[in-house]
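Those letters in the sequence shown? Residues 1 to 192, per UniProt numbering, in order. Take a look at the structure set out below.
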Amino acid sequence: MIPTSFPRNEPVSNGISWVEEIHQFYRERSAIEKEYASKLTALCKKYYDRKSKKISPLSVGDTPILTPGSLESASLTTWTTQLNAVESHAAERDKFASELVVQVADPLKQAASQYEEIRKCHVEYHAKLEKERESAYGDLKKAKGKYDGACQEVESRRKKMESAFDHGKSKAQAAYQQQILEMNNYKAWLIQ
Numbered sequence: 001m002i003p004t005s006f007p008r009n010e011p012v013s014n015g016i017s018w019v020e021e022i023h024q025f026y027r028e029r030s031a032i033e034k035e036y037a038s039k040l041t042a043l044c045k046k047y048y049d050r051k052s053k054k055i056s057p058l059s060v061g062d063t064p065i066l067t068p069g070s071l072e073s074a075s076l077t078t079w080t081t082q083l084n085a086v087e088s089h090a091a092e093r094d095k096f097a098s099e100l101v102v103q104v105a106d107p108l109k110q111a112a113s114q115y116e117e118i119r120k121c122h123v124e125y126h127a128k129l130e131k132e133r134e135s136a137y138g139d140l141k142k143a144k145g146k147y148d149g150a151c152q153e154v155e156s157r158r159k160k161m162e163s164a165f166d167h168g169k170s171k172a173q174a175a176y177q178q179q180i181l182e183m184n185n186y187k188a189w190l191i192q
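Put into structure tokens, the structure is as follows:
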């Protein structure tokens, strides 16, 4: 017998909602990573510009005796290395943010959508089965009513046959046999 309720629908819906929340988390994390990468890149650009303005005074002084490009102070070289490292880190963060979306968030969203479609199909199928079950129960109830009526009619014919006199007995017996056949037809339908 089919249960009257569909107990798996709610837990499945909750699971799908949970997957959608995880998807949203990775989307937001990706946005934060992209924002962080963008800010790091902007910071590096700002300090590259500042460094380019100070190369000459730091390398050869305010009144240069040497050509400014021939000597660069160690601190400027180290600072350039630091800025390059931070800029590289920003590029990695940006790539990571894109990969979060492509490799994690989008597949989660797609899985949640597929599971939602499957859940809807199951709900629709369950509703169809319930409708068919109710229809079958209705048909069964009608057939049982007809069978019960036929049984009562058989009993009535049997009593008439037993109480009939010799001249009406054959007619009553034929009606009784006919009623038994009708009752058996209803019974056969009930058994199916």
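Quick reminder that beta carbons are idealized off the backbone N, C-alpha and C, glycines included.
Go through its chain and collect everything with a Cβ distance to residue i's Cβ below 7 Å, but skip five positions before and after it.
i, result
"K34", "D94, A97"
"K160", "A172"
Is it buried or exposed for residue i, if we count other Cβ within 10 angstroms and need 16 for buried?
i, result
"E157", "Note that residue 157 is Arg in the sequence shown, not Glu. So R157 counts as buried."
"Q179", "buried"
"S75", "exposed"
"Y26", "buried"
"A85", "exposed"
"S30", "buried"
"F176", "Correcting the residue identity first, residue 176 is Tyr in this sequence and not Phe. Y176 comes out buried."
"V154", "buried"
"A90", "buried"
"A42", "exposed"
"K131", "exposed"
Only counting the same chain, and skipping five residues up and downstream in sequence, which positions put a Cβ closer than 6 Å to that of residue i?
i, result
"A112", "I16, V19, E20"
"V12", "R119"
"V105", "Note that residue 105 is Ala in the sequence shown here, rather than Val. Cβ neighbours of A105 beyond the five flanking positions: H23, Y26, R27."
"A37", "A90, R93, D94"
Which of the three DSSP states is assigned to residue i in this structure?
i, result
"P107", "helix"
"R8", "coil"
"residue 199", "Look at the range of the chain in this structure, 1 to 192, and you will see that residue 199 is not part of it."
"M1", "Note that M1 has pLDDT 47, beneath the 50 cutoff, so the model's placement of it is unreliable and the number below is only indicative. Of the three classes helix, strand and coil, the one that applies to M1 here is coil, per DSSP."
"Y36", "helix"
Just how far apart, CA to CA, sit residue i and residue j?
i, j, result
"Y147", "L140", "10 Å"
"Q173", "R133", "40 Å"
"K120", "N9", "9 Å"
"Y137", "L129", "12 Å"
"L83", "K109", "37 Å"
"E28", "E117", "25 Å"
"A127", "G145", "27 Å"
"M1", "L100", "Residue confidence for M1 is low, a pLDDT of 47 falling below 50, so the modelled location carries little weight; the figure read from the coordinates is stated next. Going by the C-alpha atoms only, they are around 47 Å apart."
"K53", "I32", "32 Å"
"S88", "T77", "16 Å"
"K45", "I55", "15 Å"
"L40", "Q114", "38 Å"
"S163", "E124", "58 Å"
Could you pull out every residue in the same chain whose Cβ sits closer than 8 Å to the Cβ of residue i, ignoring the five residues on either side in sequence?
i, result
"T80", "K51"
| request: Scan the segment 105-170 and note each continuous alpha helix (DSSP H) run of 4 residues or more that stays entirely inside, going in chain order. | output: 106-163
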